[in-house]
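Student: Taking numbering that gives the first Met the number 0, the leading residue of the sequence shown gets 0, the next gets one more, and so forth. Glycine included, C-beta positions come from ideal geometry on N, C-alpha and C. Treat the numbers as computed from the prediction; the structure is a model and nothing was measured.
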Amino acid sequence: MAISVFDMFKIGIGPSSSHTVGPMRAARAFCLELEEKGVFENTSQIITQLYGSLALTGKGHGTDKA
């Protein structure tokens, strides 16, 4: 998997882009996978749990909105 400088530097919401861009990209990848499997339309709820620094500083850094 090739990574460009444009993949490494993104502008995110909140005071800490590192706590928002990662979760936004993960959520997008997850939603795309649900669409590929044909189950996105029938999905009504997703429950997540944050760990590590995202769990400890998530709301203050905007992770919950990402």
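Exposed or buried, which one is residue 20 when buried takes at least 16 other CB atoms within 10 Å?
Tutor: By the neighbour-count rule (16 or more Cβ atoms within 10 Å), residue 20 is buried.
Student: Could you tell me the alpha carbon to alpha carbon distance between residue 54 and residue 45, rounded to whole angstroms?
Tutor: Rounded to the nearest angstrom, the two C-alpha atoms are 17 Å apart.
Student: Using only the alpha-carbon positions, how far apart do residue 28 and residue 4 sit?
Tutor: Going by the C-alpha atoms only, they are around 20 Å apart.
Student: Could you check what DSSP says for residue 47 in three-state terms: helix, strand or coil?
Tutor: In the structure shown, residue 47 sits in coil (DSSP, three-state: anything other than H, G, I, E or B).
Student: So, helix, strand or coil for residue 21, using DSSP?
Tutor: It is helical.
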